[in-house]
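Residue numbers (the numbering used here), protein chains in the order written: chain A, 25 to 377; chain B, 23 to 350. Glycine included, each C-beta is placed from N, C-alpha and C at the ideal position. Okay, structure first, notes after.
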């Protein structure tokens with residue numbers, strides 16, 4: 025008798041519910057990702073100061089070769105008596121530094137290419153999207169191998185340049201699709217009518233509306249840079265005298281750490297790469313759910329008052345309405361929201377291109 | 023049909039860009055590449071190789087750039103990638119011909135298996151979102167974020183070296199002569215199990231996550247709700263209504279992600295000392311064998327382009343819109 029009432033008469037009360045803080049509203053996955061990544065960034069910043077040894081120091085003492093982890097060497101030593109923990113801390117810094125720089129440059133390139141191509145339209149659009157599609161379909165790694173192979177010097181800077189040059193097309197494609205969707209909205213037309221200059225429209229009207237997409241593309245690019253730079257270093261296309269995570273793995277592999285059972289040598293750098301990557305992917309899932317209402321509401325709706333709802337259950341469980349108002353609001357919301365977005369012709373990822 | 027034609031034109035353009043990049047990169051790089059290569063192989067390279075290298079890299083070449091470019095295209099069209107530097111005087115295409123079948127079988131089969139398993143799991147996870155499979159996704163993400171070769175290192179150590187379940191290194195047991203007889207084929211399959219397994223578990227999460235996301239978006243469509251309301255069996259709603267539509271973006275993603283997956287898998291071959299392109303690439307890099315590196319780049323690129331074309335043909339069969347409308 026009374027159960028049906030809240031739907032019709034109390035929306036005002038539901039809206040008045042306290043909205044949780046930004047951090048609490050983030051999906052759990054994104055929180056885990058952010059914490060993981062935070063730890064690595066911290067390690068990259070203060071790690072090298074805490075290093076117990078010089079990572080390159082080769083101990084002449086044969087007893088120190090391939091030592092298992094001990095108090096003196098928390099992660100053991102390498103073939104030539106170098107401290108693995110010190111190498112790992114330097115490695116995290118070098119790898120993360122490279123990945124972030126590549127992320128910034130490549131994302132900037134993809135924003136520039138994506139926005140201009142969608143906004144200018146016509147021949148420019150054709151040419152720029154053809155270019156980005158071509159570079160998307162050509163596998164990057166073998167191309168990077170010849171580019172880096174022919175360079176007379178190997179090291180951090182050439183790798184950053186080459187990775188940035190090849191890292192922008194995916195972001196450009198996604199951003200172009202989004203810009204195309206935004207371009208014909210009313211507020212852009214309004215800005216044009218008031219005589220705003222094109223660059224002002226681009227910078228102040230369009231780009232701010234793509235922040236979540238740009239963030240996602242940045243995270244993806246960082247992920248790509250970590251994976252690719254580690255793979256390139258692993259096959260020896262890096263400055264092998266520096267200690268990035270990839271070169272650590274290269275030396276571990278080439279000096280048979282595996283066959284000699286020195287797991288403490290090759291597990292830590294690989295695990296560091298994997299955990300960094302996991303953090304980035306989880307963070308990206310969070311950003312995705314933030315930007316795509318369906319994914320977001322879906323993940324919330326499934327947990328109404330501790331009851332899991334089959335996704336296509338046509339009847340929302342009214343009896344549960346009082347149990348947890350905040351979440352029910354999100355659920356009811358998802359029904360109307362989905363169709364609205366559909367009509368606006370808003371397409372969240374990739375779309376037509 | 024026009025869709026396929028447009029895609030075909032696109033792939034021809036992509037192939038041309040790859041070929042042209044391959045032509046200009048050695049010429050644009052600073053320093054004298056020929057001198058650099060010759061100094062890396064003291065004694066092994068005959069003076070005649072100097073001429074061949076010059077011709078290939080376009081140093082001091084008599085003809086104009088256009089002329090060289092044309093000659094280069096003609097060479098490629100005849101699968102002539104020049105002479106290999108490390109295994110001089112074997113030609114690059116002979117060596118490639120011996121290794122490609124290994125990689126193609128292993129990486130191709132494993133990638134297709136991973137795609138099917140991942141898509142299947144993605145359908146289930148998307149359908150029952152919030153269920154146990156969906157909640158297991160972050161764990162799978164961890165596997166995906168791991169470099170392929172690193173997981174390979176761990177697996178070789180655990181299953182190969184410690185437990186002796188699988189052989190480590192090489193593509194077939196020593197003493198066997200490659201050929202079409204069961205001893206060899208059985209041994210080759212046995213040796214490929216662990217590498218294939220590695221490719222599958224590292225790439226499955228990516229396909230799964232993508233499919234799950236499209237699936238979640240698709241099942242909130244009205245036609246899926248309508249199908250449920252009609253009282254259709256769950257299985258029918260899942261596969262005929264939801265998954266069938268969700269599969270299209272997934273297929274498009276397959277083509278684009280292929281380059282990454284194949285590159286990762288090729289690096290992974292190194293850990294298993296598998297006699298494929300990966301090992302060849304490693305030795306080419308460590309000995310600055312540029313003709314080989316360039317040939318590998320072209321071969322991988324063309325393979326990926328071809329795979330993309332096949333995916334497009336499948337899309338045309340699966341998606342009526344691709345047949346009728348001008349999809350780009």
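Asked, Found
"Burial state of residue 187 of chain A, where buried means 16 or more other Cβ atoms lie within 10 Å", "buried"
"Contact with chain A by residue 225 of chain B, beta-carbon distance below 8 Å", "no"
"Selection from A:172, A:296, A:301, A:163 that minimises the alpha carbon distance to residue 111 of chain A", "A:296"
"Selected residue, minimal CA-CA separation from residue 156 of chain A, among A:140, A:101, A:302, A:98", "A:140"
"Residues near residue 99 of chain A by beta carbon distance below 8 Å, same chain, minus five either side", "93, 107, 108, 109, 112, 288, 292"
"Residues, ordered as in the chain, of the segment 106-128 of chain A that lie near chain B by beta-carbon distance below 7 Å", "none"
"CB contact check: residue 242 of chain A to chain B, cutoff 8 Å", "no"
"Same chain, Cβ closer than 6 Å to residue 335 of chain A, neighbours up to 5 away in sequence not counted", "With a pLDDT of 49 at residue 335 of chain A, under the threshold of 50, the predicted position of this residue should be treated as unreliable, and no value is reported."
"For residue 236 of chain A and residue 153 of chain B, the rounded distance between their alpha carbons", "27 Å"
"Residues near residue 303 of chain B by beta carbon distance below 6 Å, same chain, minus five either side", "318"
"Bridge partners - residue 107 of chain A, DSSP secondary structure assignment", "A:101"
"Rounded straight-line distance, which links the Cα of residue 73 of chain A to that of residue 286 of chain A", "26 Å"
"Cβ pair count under 8 Å reaching 3, the segment 308-316 of chain B against the segment 154-174 of chain A", "yes"
"Residue 263 of chain A CB to nearest heavy atom of the ligand GDP below 7 Å", "The ligand GDP is absent from the structure shown, which contains no ligand whatsoever."
"Residue-level contact to chain B via CB, residue 187 of chain A, 8 Å cutoff", "no"
"Identity of the residue in B:98, B:145, B:248, B:125 nearest residue 114 of chain B by Cα", "B:98"
"Residue environment, residue 29 of chain B, which counts as buried when at least 16 other CB atoms sit within 10 Å", "buried"
"Simplified DSSP assignment, three categories, for residue 113 of chain B", "strand"
"Residue 341 of chain B classed as buried or exposed, judged by whether at least 16 other C-beta atoms fall within 10 angstroms", "buried"
"Distance CB(residue 253 of chain A)-CB(residue 122 of chain A) smaller than 8 Å", "yes"
"Contact set between residue 261 of chain A and chain B, taken where Cβ atoms lie within less than 9 Å", "307"
"Close-in-space but distant-in-sequence residues of the same chain around residue 132 of chain B (CB under 6 Å, 5 per side omitted)", "218, 221, 222"
"Residue 265 of chain A - DSSP class collapsed to helix/strand/coil", "coil"
"Buried versus exposed, by CB contacts within 10 Å (16 or more), residue 123 of chain B", "exposed"
"Candidates B:41, B:120, B:167: closest to residue 308 of chain A by CA position", "B:167"
"Per-residue DSSP class, three states only, for residue 94 of chain A", "coil"
"Straight-line gap, residue 298 of chain B to residue 303 of chain A (C-alpha atoms, nearest Å)", "32 Å"
"The alpha helix (DSSP H) enclosing residue 174 of chain A, as first and last residue numbers", "164-174"
"Span of the alpha helix (DSSP H), counted from its first residue to its last, around residue 165 of chain B", "159-167"
"Secondary structure of residue 78 of chain A, DSSP reduced to three states", "coil"
"Distance CB(residue 290 of chain A)-CB(residue 226 of chain A) smaller than 8 Å", "no"
"Cutoff 8 Å: residue 178 of chain A Cβ touching any chain B Cβ", "no"
"Buried or exposed (CB count within 10 angstroms, at least 16 for buried), residue 42 of chain B", "exposed"
"Buried/exposed call for residue 239 of chain B, threshold 16 Cβ in 10 Å", "buried"
"Distance, residue 192 of chain A Cα to residue 153 of chain A Cα", "12 Å"
"Distance between residue 120 of chain A and residue 168 of chain A (C-alpha atoms, nearest Å)", "19 Å"
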